[in-house]
Structure formats: C-alpha cells, structure tokens
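Numbering (the UniProt record's numbering), first residue to last: 1 to 295. All C-beta atoms in this analysis are idealised placements derived from N, C-alpha and C, irrespective of residue type, glycine included.
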C-alpha cells in the first residue's frame, strides 16, 4: 500500500512539474511575441520618422520632385500594406485585410478625383482671367475710338467755318452712325462671348456634379438601401439647383436683352432725330456762318 501511495505522489509531482514547465514555456513564447511586436512597432516608428523626414525634404525640393514623391508614396503604401498583411497573417485577420485594401483603393480614387477637380478649377480661373483681359482690351479700343471721334469733331468744326457746313454735317452723321454700328457689333460680340463662357461654365458644373454623383453612388452601394435613398435625395437637390441656376440665367439674360433693346431703340431715335435736324438732350446747337450745327 505504501508503495502505491508513493507512486501516486510521484506521478502527481511529475504532472505538476510538466504543467509548470509548459506554463513557463508558454509565458516565454508570449514574451518573445510581445518583444517581436514591440520591435516591429519601433521599426515602424523609425520608418515613419524616416518617411516624414523624406517628405519634408521632398517639399523643399519643389514641383520638379512631384513625380518622384508620388512614386515614393506608392512604395511607402506598398510597404505599409505588406507590414499589415504580415500582422494579419499572424493574427488570422484576412477579412479585415481585404476591407482595408478596398478602403485604401477608394481613398486613392478620391484623391485622384480631387486632384482632377482642382486642375479643372485652375483652368476655369485661367480662362476667366483671359476673358477679363480681353474685355479690358476692348474697353481700351473703344476709349481710343471715342478720343479719335472727339478729335475729328473738332477738325470738322474748323472745316464747317470754311463754308462746307452741310456736307460736313452729313459726313459727321455718317461717321457717327458707322461708329455706333461698330460699337453695337462689338457689344454683340462681347455678349456672345459672355454667353459662350457662361455655357462652358454650366457644362463644367454639370460634369463636376456627375462625377460627384458617381462617387456618391459607389459609397451608397456599400451602404445598402439607405445609401440609395441618400443618393436619390442628393440627385433631386442637384437637379433643383440646376433648375434654379438656369432660371436665374434666363432672368439675367432677359434683363440684359431688354437693356440692349432699349439702348438700340434710343440710338434709332437719335439717328432719326439727327436725320430730321432735331435737337436731342446732350447735343449742343450753335450757329456757324448762318447755319445750325449739332455738336
């Protein structure tokens, strides 16, 4: 009996000893894994610090290094993906890996779309500056023509004093009519150019809205039926905004047309009155050699 009891005690001791040994081994393995993870994190921090230093150096180098920066960013993203994949493989989180890859792809697409939109906005600003410059040049040309017209009127007055008042009046009226017609043509050209420019802007806005809709549509597909309803709501709001913009543009164009029509009517009345010899507001009558001259 005592021998059996001793054997059982020895067996129990052996079992406890093996358990302790296994527990110690497991603790050592866990400590090693933690040390490896800490080492990896330190390496990642060092890599990120190096990447930040590289980015600062790249920013100082300027626009010429933009292409190389993009390549480095891609390389860094690949390295980060590889590190994340290694971690996930060790932890068995493959589904999370796929989701994060999809999120990264979506972020890259959004960055590309934002860059494209910024380029389009820069092009629009450049076109607006060019259009403004063209308008300034037209105004300068019209001012020069008006100065020349004023100088010509003074010379005509000298000739009228030499006994050719009526012929010079007719010539002046014809010149004024020609100049007015030229001004009207220039104004019509400016209006057409402005309308074309406004049409180009509307088309750009529509293209940007379509792109935003497409981008919103991709997010809505992932979110389910609620995303589809939000997308439809955004589309309705955008359609309402387009209708409001078109209404405003129609009202503005109608107001401009009415002003131009009034100006044309006024010029026609001035021409008819000038043909009849009537004195309109803003025109001065004086006698030269017994004849009435309109200035």
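- Check the Cα spacing between residue 146 and each of 179, 128, 114, 126: the tightest is with 179.
- Around the beta carbon of residue 168, a 10 Å sphere encloses 16 or more other beta carbons of the protein chains shown; the residue is thus reported as buried.
- Taking a 10 Å sphere around the C-beta of residue 24, we find fewer than 16 other C-beta atoms and assign the residue as exposed.
- Around the beta carbon of residue 188, fewer than 16 other beta carbons sit within 10 angstroms, so the residue counts as exposed.
- Here residue 100 is near residue 84, since their CB atoms are less than 8 angstroms apart.
- About 7 angstroms separates the beta carbon of residue 249 from that of residue 198, a gap short enough to meet the 8 angstroms contact definition.
- A straight line joining the alpha-carbon of residue 128 with that of residue 182 spans about 25 angstroms.
- Looking from the CA of residue 125, the closest CA among 186, 200, 109, 148 belongs to 200.
- Taking each of 202, 135, 27, 73 in turn and checking the Cα distance to residue 186, the smallest one comes out for 135.
- Here residue 51 is not near residue 81, since their CB atoms are 8 angstroms or more apart.
- Going by beta carbons, residue 96 and residue 86 fall outside the 8 angstroms limit.
- Looking at the backbone, the Cα of residue 240 and that of residue 246 are separated by about 10 angstroms.
- The C-beta of residue 172 has 16 or more other C-beta atoms within 10 Å across all chains shown, which makes the residue buried.
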